[in-house]
Amino acid sequence: MALKIIESCVNCWACEPLCPSQAIFEAHPHFLIDARKCTECEGDFSDPQCASICPIEGAILDAAGLALNPPGSLTGIPPSRLAEAMVEIQAR
Amino acid sequence: MELKVLGQESLPNAAGGCASSGCGGSTDQLAHLPEHIRAKVHNHPCYSEEAHHHYARMHVAVAPACNIQCHYCNRKYDCANESRPGVVSELLTPEHAVKKVLAVAANIPQMTVLGIAGPGDPLANPERTFATFRALTEQAPDIKLCVSTNGLALPEQVEELCKHNIDHVTITINCVDPEVGAKIYPWIFWNNRRIKGRRGARILIEQQQKGLEMLTERGILVKVNSVLIPGVNDEHLKEVSKVVKARGAFLHNVMPLIAEAEHGTFYGVMGQRGPTHDELQALQDECAGDMAMMRHCRQCRADAVGMLGEDRGAEFTLDRIEEMEIDYAAAMEQRKAVHAAIEANREAQRRKSGESFVSLASLMPKKKELRPVLMAVATTGGGVINQHFGHAREFLVYEASAQDVRFIGHRKVDLYCSGGDTCGDAETALQKTIRILGGCEVVLCSKIGYEPWGELEEAGIAPNGEHAMEPIEEAVAIVYREMAEAGLLERPVEQPTRASA
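In order, the protein sequence lines correspond to chains H and V. Each residue of the first sequence is one higher than the one before, counting from 2 in the working numbering. Each residue of the second sequence is one higher than the one before, counting from 601 in the working numbering.
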């Protein structure tokens, strides 16, 4: 059982100091989680700390590869609205 | 009112007195403040409207993590060529930040203030923030330190802040009501959990108010920043102004929301508009009855360097500062001399403009009501008119009346769109500038070309290059007097000028 940080991470450092297992480390192009150390915070906190402070939707996945913060869950922007806005911006 | 949550039943009425710059002929909006506070802000460009003409500031981006989400923020900090709050191109370690500060202070001796403002929240990154402050207190004792925070972690950090002898703190407070807060803050991170909606907003508000009180009790000056979000907190900000004043904040800075879809923020993507110049100023005027309002804020980048409204950050990138040899002891001597010269110049300007106000009033004692006039000024700093019209990226707007000359605000020309439906691709830079100067009747600059001269006149804005290198307020007063003498100010006012800035 381990969580994973993927490429949408913006390296904001918020998760790193919170990890009770020191499993998160600075890496390039984005931060990483050492799967051998990650406990998903079990025994320490009720919620995985990295996923609870991460501001980027979809940047942290669980062992099954599912986003702990799925699209729309943090920003409140409905995914369909975001897609529409992207199309509008690219059409300019 | 949600104040009961915070254990306060009622608020004292706003003290009377004057909060505007024009009061008593003074040119400083902070003139009503007690002497010990004025002494603290005297050289601080972000706090004193007058000081911002003379002194520079810098921000270092050492604090990327944040413990809340705001709907106007997107924590991406790698956008090139953008100038807006929260955006930086280079995240610094505390060691690099200290090096950069010493390099800037040595090269820009007008630099008096170092701030840590993000991206992220400085107090959500206490180790990085305080490591920077500690080193600077030791190595650059002549630089003022300040910090800007969302307030969530403020109460627990107040003691540590006090140790570092920081005498200014800015708290961003957009609401005092969790209902409003839930529309601005989707979540906070608190006690190891993400807390959403109203509950999160309530905790944030409580922490902000508690932190504000703790700071003012300890004699630390607190400025409150509020982002004006039309339809969300516009009416509510009057209440915010009252509440924060009652808790001891000395200055309120209401800033316009910046929300473009391409910034990827909630407000940007969802089409929330920013306020117009009129709306911003109307609200600032209303809040001004309760406390000193800041009107010269440029909403600068979180790694801005130089005078307000300019950004010299590109001169001090990491690889450039690595090559610089800084003798800070020598730099400190030079800084001292430069500051003394600035002070002598300020004193001279103050005396001079004091005289011109007297003569302005005495020249027009019996005339009927003269209408006020808005004038735009092109300046690169120093409190004088010293910029070519075509080079100005922003204009300072002053209102002249028979009583005084008052600083109203600034208008950016090309940094980002200031809103409005008329902004289209076909618009030339000059047309855009003219639109942005709408409501102004005069534009004062050091020089102006033939083509813009004609177009400005056609738009009803008189170009004026006759007061180059003269102190701004004095020149504005002279031009106003000339307009009065020419009989230009007695025609009926179609609409209140003040509301159109």
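No residue lacks a Cβ here, since even glycine has one placed at the ideal position from N, Cα and C.
- One thing to note: residue 981 of chain V has its Cβ within 7 Å of the Cβ of residue 907 of chain V.
- Residues of the segment 853–875 of chain V with a C-beta less than 7 Å from any C-beta of chain H: 861, 862, 866, 869 and 870, listed in chain order.
- A direct Cα-to-Cα measurement between residue 979 of chain V and residue 695 of chain V gives close to 35 Å.
- In the DSSP assignment, residue 998 of chain V forms a beta bridge with V/975 and V/1007.
- Counting only unbroken stretches of 4 or more residues, the alpha helix (DSSP H) elements lying wholly within the segment 845–917 of chain V are 866–869 and 877–888, in sequence order.
- Taking residue 1042 of chain V as reference, the option from V/1059, V/792 and V/969 with the minimal CA-CA separation is V/1059.
- When 8 Å is used as the limit between beta carbons, residue 62 of chain H is near no residue of chain V, the shortest such separation being about 17 Å.
- By the Cβ-count criterion, residue 9 of chain H is exposed, with fewer than 16 other Cβ atoms from all chains shown falling within 10 Å of its own Cβ.
- At a cut-off of 7 Å between beta-carbon atoms, residue 15 of chain H makes contact with chain V.
- Chain-ordered, the chain H residues with CB closer than 8 Å to the CB of residue 720 of chain V read 13, 14 and 15.
- Note that the segment 41–60 of chain H touches the segment 73–89 of chain H; at least 3 beta-carbon pairs, one per stretch, sit closer than 8 Å.
- Nearest CB-CB separation between residue 789 of chain V and chain H: below the 7 Å threshold.
- Distance between residue 811 of chain V and residue 755 of chain V, taken at the CA atoms: about 5 Å.
- Around the CB of residue 768 of chain V, 16 or more other CB atoms lie within 10 Å, so the residue is classed as buried.
- When rounded, the separation of the alpha-carbon atoms in residue 703 of chain V and residue 79 of chain H is 45 Å.
- Only those residues of the segment 67–93 of chain H whose C-beta falls short of 8 Å from the nearest C-beta of chain V are listed: 75, 76, 77, 78, 82, 83, 86, 89 and 90.
- Counting along the chain, the unbroken alpha helix (DSSP H) around residue 700 of chain V starts and ends at 694–707.
- Neighbours of residue 669 of chain V across chain H, judged by C-beta separation under 8 Å: 56, 75 and 76.
- Within the same chain, Cβ atoms closer than 6 Å to the Cβ of residue 976 of chain V are found at 995, 997, 1037, 1040 and 1043, the five residues on either side in sequence being excluded.
- When Cβ-Cβ separations below 7 Å define contact, residue 48 of chain H makes contact with chain V.
- The beta carbons of residue 26 of chain H and residue 33 of chain H sit closer together than 7 Å.
- Bounds of the alpha helix (DSSP H) holding residue 762 of chain V are 754–763.
- Closer than 8 Å at the C-beta level to chain H, one finds these residues of the segment 637–668 of chain V: 664, 665, 666 and 667.
- The beta carbon of residue 1075 of chain V sits closer than 7 Å to the beta carbons of 985, 1044 and 1067 from its chain, once the five residues preceding and following it are set aside; these are given in chain order.
- Beta-carbon to beta-carbon, residue 701 of chain V and residue 731 of chain V are separated by about 13 Å, too far to satisfy the 8 Å threshold.
- For residue 86 of chain H, no beta strand (DSSP E) segment is defined; the enclosing uninterrupted segment is the alpha helix (DSSP H) at 80–91.
- Take residue 1011 of chain V, set aside five residues on each side of it, and the residues of its chain with a beta-carbon closer than 8 Å to its own are 877, 976, 994, 995, 997, 1018, 1036 and 1037, in chain order.
- Going by C-alpha positions, residue 775 of chain V is about 26 Å away from residue 661 of chain V.
- Here the alpha carbon of residue 735 of chain V sits roughly 16 Å from the alpha carbon of residue 663 of chain V.
- For residue 775 of chain V, there is no enclosing beta strand (DSSP E), as DSSP gives it neither H nor E.
- Around the beta-carbon of residue 999 of chain V, 16 or more other beta-carbon atoms lie within 10 Å, marking it buried.
- By the Cβ criterion, the segment 801–820 of chain V is not in contact with the segment 831–838 of chain V, since fewer than three pairs of Cβ atoms, one from each stretch, lie closer than 8 Å.
- Neighbours of residue 22 of chain H in chain V, taken as residues whose beta carbon is under 8 Å from its own, are absent, since the nearest beta carbon is some 14 Å off.
- Residue contact with chain H for residue 786 of chain V: present (Cβ-Cβ distance below 7 Å to some residue of chain H).
- At a cut-off of 7 Å between C-beta atoms, residue 774 of chain V does not count as an interface residue with respect to chain H.
- Nearest Cα to residue 790 of chain V within the set V/667, V/1078, V/1048 and V/634: V/667.
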